[in-house]
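Participant: Have a look at the structure that comes next, please.
Residue numbers (the numbering used here), protein chains in the order written: chain A, 1411 to 1664; chain B, -17 to 245.
Take a look at the structure:
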């Protein structure tokens, strides 16, 4: 499974918003279609340009904007759709996923706690899965970041990645995601091997995939690719069709 | 003015109970189809504009609604706007003007209705305080100043905590709270407005649009029309509140109003 990222935004009300919401909608749909046509098997859209992110709760303007964008993407692509609302706004993401008919959410802070650049993020599995049930949205799956990028994990230094993955499985995640230290940084091959052995859930690689390192991650069940799809490997830039084809082919070859 | 027509008929889309609310029946896609069908009936029947509200979500939150209400209403509104291109309004019951603006902005809608913009009233949800200060700052923050805010004057299903003059209420709603237009309604959904009250509001607020927010029927639209700039019509267009809108009723009302204009 190759998840291609659509970085939407900046959305209304956020510091970098440029007054052109409809342009952002159009761009997100165009990007999703291009990623699908070049071989991605899923689309994951997130409000990446809304920096600096709010912690755990976003305003109705973000929920509404992501719902509108998701609904437009959904009507134009056939492959599975996932949504992430930064930072750790996991209930809002579930609401959006249900409203637009998406299949997955990517959740930060599912189990344990960590210090992210937004501040302290705490486990949400208990309230999130109750909320999912209340919504009648149990068909929407949750891919959970564990020991996530852009974060300090000193407070859980006595809990290793394997224990964290097991806890996510026990708490009902549908997949776990391994990442490097930040966007564009690759995950650890050793950690992948250990986690694969410890849990029966699908294990996804959530950052730093390139055609050069793809073969190291052959054991993974899925890949979320973002930065590499863009011109110059920078997530802020436009999609590069060449880069998309390259990464898709190197992952398909595994 | 939200439509070419100087006295628009604004057809009400009552959304059935949405996910997360007590009466939700478990089939979100059937809600979407129900609302689209009603919108199609209203459009075919010749209304000038549409307004959508989360009417099925009883009992209503007094203020802020949760994310699931925002997300589902945003999808409904966007889908309706895309398909029918009519001017569209958003009302998030019972009084979440901020979420209504967020949805209007992203769905491409044209106006919102706020039940209690200013002051405080005793309602079936308890005491609700107007949040004009938040609504108007939020509108600016999300770059939505082109979205019109229509505010109820002494809204249905509520009573004044302390009686004040209609003049003062209208003045504050318009000039101190920044409403772009006013809505006058009767005591409840489907209940007719008090004609004398409507005339007074129209007289005080002669510079803005004054819409009627409840109880407009084929029988009374002629009498109300001279004192109103628009008609939000819902219950009289269907046999019961939960039933789909009846196209014949829409056509009859639209024809009645148009005939009035020719005379």
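For glycine and all other residues, C-beta sits at the position ideal for the given N, C-alpha and C. Note that the structure is predicted; figures quoted are calculated from it, not measured.
Any beta carbon from chain B within less than 8 Å of residue 1459/A's own beta carbon?
Facilitator: Taking the first residue of the first chain as position 1, residue 1459/A is located at position 49. No, no contact with chain B.
Participant: Give every residue of the same chain whose Cβ lies closer than 6 Å to the Cβ of residue 234/B, excluding the five residues on either side of it in the sequence, and list them in chain order.
Facilitator: By 1-based counting over the second chain, the position of residue 234/B is 252. 200.
Participant: Under 6 Å Cβ to Cβ from residue 1596/A, same chain only, skipping five residues before and after it: list those, please.
Facilitator: Position 186 of the first chain, counted from the first residue, corresponds to residue 1596/A. Hits under 6 Å: 1590, 1618, 1623.
Participant: Run through DSSP, which three-state label would residue 191/B get?
Facilitator: Within the second chain, numbered from 1, the residue matching residue 191/B stands at position 209. Note: residue 191/B maps to strand in three-state DSSP.
Participant: Below 8 Å, how does it come out for the stretch -11 to 0 of chain B and the stretch 201 to 220 of chain B: are there three or more Cβ pairs, yes or no?
Facilitator: Result yes; three or more Cβ-Cβ pairs closer than 8 Å.
Participant: Select from 2/B, 37/B, 16/B, 57/B the residue whose C-alpha is nearest the C-alpha of residue 1547/A.
Facilitator: Along the first chain, read from residue 1 onward, the residue named residue 1547/A stands at position 137. It is 2/B whose Cα lies nearest to the Cα of residue 1547/A.
Participant: Could you work out which residues of chain B lie near residue 1473/A, taking near to mean beta carbons separated by less than 8 Å?
Facilitator: Taking the first residue of the first chain as 1, we reach residue 1473/A at position 63. Within chain B, the residues near residue 1473/A are 49, 52, 53, 56, 84.
Participant: Near residue 1667/A, which residues of its chain fall below 7 Å by C-beta distance, leaving aside the five closest residues on each side in sequence?
Facilitator: With chain A running from 1411 to 1664 in the structure shown, residue 1667/A is simply not present.
Participant: Tell me which same chain residues have a C-beta within less than 7 Å of the C-beta of residue 1696/A, skipping the five on either side of it?
Facilitator: The requested residue 1696/A does not occur in the structure, where chain A is confined to residues 1411 to 1664.
Participant: Report buried or exposed for residue 1646/A, applying the criterion of at least 16 other Cβ atoms within 10 angstroms of its Cβ.
Facilitator: What you label residue 1646/A is simply residue 236 of the first chain in a count that begins at 1. Counting Cβ neighbours within 10 Å, residue 1646/A comes out exposed, since fewer than 16 surround it.
Participant: Is any heavy atom of the ligand NAD found at a distance shorter than 7 Å from the C-beta of residue 111/B?
Facilitator: In the structure on display, the ligand NAD does not appear, and there are no ligands present to speak of.
Participant: Near residue 40/B, what residues of its chain come up, given a Cβ to Cβ distance below 7 Å and the 5 sequence neighbours on each side ignored?
Facilitator: As a first step, residue 40/B must be located in the second chain, where it is residue number 58. Once the five neighbours on either side are set aside, the close Cβ partners of residue 40/B are 5.
Participant: If we define contact as Cβ-Cβ less than 8 Å, is residue 248/B a contact residue for chain A?
Facilitator: No information on residue 248/B is available, as it lies outside the stretch -17 to 245 that chain B covers here.
Participant: Skipping 5 residues on each side, what residues in its chain have a beta carbon closer than 6 Å to that of residue 42/B?
Facilitator: For the purposes of this step, residue 42/B is identified with residue 60 of the second chain, where counting begins at 1. Closer than 6 Å at the Cβ level, and outside the excluded window around residue 42/B, lie 75, 76, 107.
Participant: With 8 Å set as the bound, which would you pick, yes or no: does the beta-carbon of residue 1520/A sit closer than that to a beta-carbon of chain B?
Facilitator: What you label residue 1520/A is simply residue 110 of the first chain in a count that begins at 1. Chain B contact via Cβ: absent.
Participant: Find out if the Cβ-Cβ distance for the pair residue 1627/A, residue 1574/A is shorter than 8 Å.
Facilitator: On the first chain, residue 1627/A is found 217 positions in, with the first residue counted as 1. On the first chain, residue 1574/A is found 164 positions in, with the first residue counted as 1. Going by C-beta atoms, residue 1627/A is not nearer than 8 Å to residue 1574/A.
Participant: Quick check: the Cα distance between residue 1432/A and residue 1555/A, rounded to an integer number of angstroms?
Facilitator: Counting from one through the first chain, the residue named residue 1432/A turns up at place 22. Counting from one through the first chain, the residue named residue 1555/A turns up at place 145. So the two alpha carbons sit approximately 31 Å from each other.
Participant: Quick check for students: name the residue ranges of the alpha helix (DSSP H) that lie wholly in the stretch 54 to 103 of chain B, counting only runs of 4 or more.
Facilitator: Qualifying alpha helix (DSSP H) stretches, in chain order: 79 to 89.
Participant: At which residue ranges does the stretch 95 to 164 of chain B contain complete beta strand (DSSP E) runs of 3 or more residues, listed in the order of the chain?
Facilitator: Taking only runs of at least 3 residues, the beta strand (DSSP E) segments lying wholly in the stretch 95 to 164 of chain B are 102 to 105, 108 to 111, 130 to 135, 140 to 142.
Participant: Whose Cβ in chain B lies nearer than 8 Å to the Cβ of residue 1429/A?
Facilitator: As a position in the first chain, residue 1429/A is number 19, starting the count at 1. Simply 125.
Participant: If you draw a straight line from the C-alpha of residue 1395/A to the C-alpha of residue 8/B, how long is it?
Facilitator: In the structure as shown, chain A begins at 1411 and stops at 1664. Residue 1395/A is therefore absent and cannot be evaluated.
Participant: Would you check if the stretch 90 to 100 of chain B and the stretch 149 to 161 of chain B touch, i.e. whether three or more CB-CB distances between them fall below 8 Å?
Facilitator: Result yes; three or more Cβ-Cβ pairs closer than 8 Å.
Participant: Just verifying my parser: in three-state terms, what is the DSSP assignment at residue 223/B?
Facilitator: For the purposes of this step, residue 223/B is identified with residue 241 of the second chain, where counting begins at 1. Reduced to three states, the DSSP call for residue 223/B is coil.
Participant: Whose C-alpha, out of 187/B, 185/B, 137/B, is nearest the C-alpha of residue 173/B?
Facilitator: Taking the first residue of the second chain as position 1, residue 173/B is located at position 191. Comparing Cα positions, the closest option is 137/B.
Participant: Grab the span of the beta strand (DSSP E) containing residue 1517/A for me, first residue to last.
Facilitator: Numbered from its first residue, the first chain carries residue 1517/A at position 107. From DSSP, the beta strand (DSSP E) with residue 1517/A extends over 1514 to 1517.
Participant: Given that residue 89/B touches chain A, what residues does it touch there, using C-beta distances under 8 Å?
Facilitator: The residue labelled residue 89/B in the question sits at position 107 within the second chain. The answer, in chain order, is 1474, 1478.
Participant: Which of the three DSSP states is assigned to residue 1529/A in this structure?
Facilitator: Translated into the one-based positions of the first chain, residue 1529/A becomes position 119. Residue 1529/A: strand per DSSP, three-state reduction.
Participant: With a threshold of 16 other CB atoms inside 10 Å of the CB of residue -17/B, please say whether the residue is buried or exposed.
Facilitator: Stepping through the second chain from its first residue, residue -17/B is reached at position 1. Per the 10 Å Cβ criterion, exposed.
Participant: At a Cβ cut of 7 Å, what residues of the stretch 1497 to 1527 of chain A count as close to chain B, listed as they run along the chain?
Facilitator: The residues in question are 1501, 1502, 1505, 1506, 1508, 1509, 1510.
Participant: Determine the chain C residues that contact residue 1462/A at a beta-carbon separation under 7 Å, and present them in chain order.
Facilitator: Reference to chain C is not applicable here, since the protein chains of this structure are A and B.
Participant: Flag residue 12/B as yes if its beta-carbon sits less than 8 Å from any beta-carbon of chain A, otherwise no.
Facilitator: Residue numbering aside, residue 12/B sits at position 30 when the second chain is read from its first letter. Taking Cβ atoms only, chain A never reaches closer than 8 Å to residue 12/B, which makes this a no.
Participant: Using a threshold of 8 Å, state whether the C-beta atoms of residue 144/B and residue 103/B are closer than that.
Facilitator: Translated into positions along the second chain, residue 144/B becomes position 162. Translated into positions along the second chain, residue 103/B becomes position 121. No. Outside cutoff.
Participant: In angstroms with no decimal places, state the Cα-to-Cα distance between residue 52/B and residue 1489/A.
Facilitator: Taking the first residue of the second chain as position 1, residue 52/B is located at position 70. Taking the first residue of the first chain as position 1, residue 1489/A is located at position 79. Those two C-alpha atoms are separated by around 25 Å.
Participant: State buried or exposed for residue 1447/A, treating a residue as buried only when at least 16 other CB atoms are found within 10 Å of its CB.
Facilitator: Position 37 of the first chain holds residue 1447/A. Under this definition residue 1447/A is an exposed residue.
Participant: Using DSSP bridges, identify the partner residues of residue 1413/A.
Facilitator: In the first chain, the residue the question calls residue 1413/A occupies position 3. Paired residues: 1452/A, 1634/A.
Participant: At a Cβ threshold of 8 Å, is residue 71/B touching chain A?
Facilitator: Working through the second chain from its first residue, we reach residue 71/B at position 89. Chain A contact via Cβ: absent.
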